[in-house]
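The sequence shown begins at 1 in UniProt numbering and counts up one residue at a time.
Glycine included, every Cβ here is placed at the ideal spot set by N, Cα and C.
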Amino acid sequence: MVDKANVKAGQKVLIQGGAGGVGHVAVQIAKALGADVYATASTGKQQLLKALGATPIDYHTASPAEYVDAYTQGKGFDIIYDTVGGSVLDASLGIVAHYGHILSCAAFGSHNLAPSSLRSATLSAIFVLHPQLSGEGRKHHGDILRQITALVEAGQIKPILDPLRFSLDTAMDAHNAVELGSMGKVVIDVIA
């Protein structure tokens, strides 16, 4: 969000999957940068989103059209960070503001880009594995990590860990927990 979309104070930022392992950090980054933050999650995770400073949106009870009308007066969100992909990314393409920006770390599959094209929106796919494996852009990614570290040290970002712990022997259970919508980061203790 900092690097690709240049989040600014006062922008309306929607985090799709705001209570998940990536989403809860994205909420805190956008909030630290002064954005008006909205985040989708299921009913049981609404309090977490409020505690993080986001306006919670229950995707079980509100359609994208309903929440874009309620929170942006139908104009769309300036920035959407998608951590879910699939049909959620498809919906995001139609609720971004004109000249807005969608970022997705889950942009797999085929998607109809026409809705975002008609809005002159930008779509950025964020893939972190290649830079980690290749070392390409290492200095740039180090700069980003330093910015995030400063926010952590200032207490503006606090990672949330799912209360369940897993070992290498139960790694499949950890994967299932993520698939079922765990809150925060799921930890596999490789020493246990």
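Within 7 Å, strictly: CB atoms of residue i and residue j
i	j	result
Val96	Ala121	yes
Ser124	Lys4	yes
Thr83	Ala106	yes
Ile188	Ala177	no
Ala9	Val27	no
Own chain partners of residue i with C-beta closer than 7 Å, once the 5 adjacent residues on each side are dropped
i	result
Asp173	Phe166
Gly137	Pro131
His60	Ser42, Thr43
Ala91	Pro64
Gln46	Pro56, Asp58
Spatial distance of residue i from residue j (CA atoms)
i	j	result
Val7	Asp58	24 Å
Leu133	Leu48	33 Å
His111	Val88	11 Å
Ile2	Gly18	For clarity, residue 2 is Val in the given sequence; the question names Ile instead. About 17 Å.
His98	Pro56	23 Å
Gly74	Ile15	17 Å
His141	Ala70	36 Å
Lys139	Arg146	10 Å
Leu52	Ala154	15 Å
Ala192	Leu113	45 Å
Ile148	Val186	20 Å
Member of the options whose CA lies at the smallest distance from the CA of residue i
i	options	result
His101	Gly109, Pro115, Phe108	Pro115
Gly76	Gly20, Leu118, Gly181, Ala171	Leu118
Val22	Ala41, Ala70, Ala91, His111	Ala41
Leu168	Val186, Glu153, Gln147, Val190	Val190
Ala35	Asp78, Gly20, Lys50, Lys45	Asp78
Pro163	His175, Ile148, Ser182, His140	Ser182
Gly109	Gly85, Ala91, Leu93	Gly85
Ala30	Ala70, Tyr81, Tyr71	Tyr81
Beta-carbon contacts of residue i that lie in its chain and below 6 Å, excluding the five residues immediately before and after
i	result
Leu151	Ala32, Ile157
Ile160	His24, Gly184
Leu93	Pro115, Ser116
Ile126	Leu103, Cys105
Gly20	Thr83
Contacting residues, own chain, Cβ-Cβ under 8 Å from residue i (five flanking each side not counted)
i	result
Val128	Cys105
Cβ distance (whole Å) where residue i is taken to contact residue j below 8 Å
i	j	result
Val37	Ala54	4 Å
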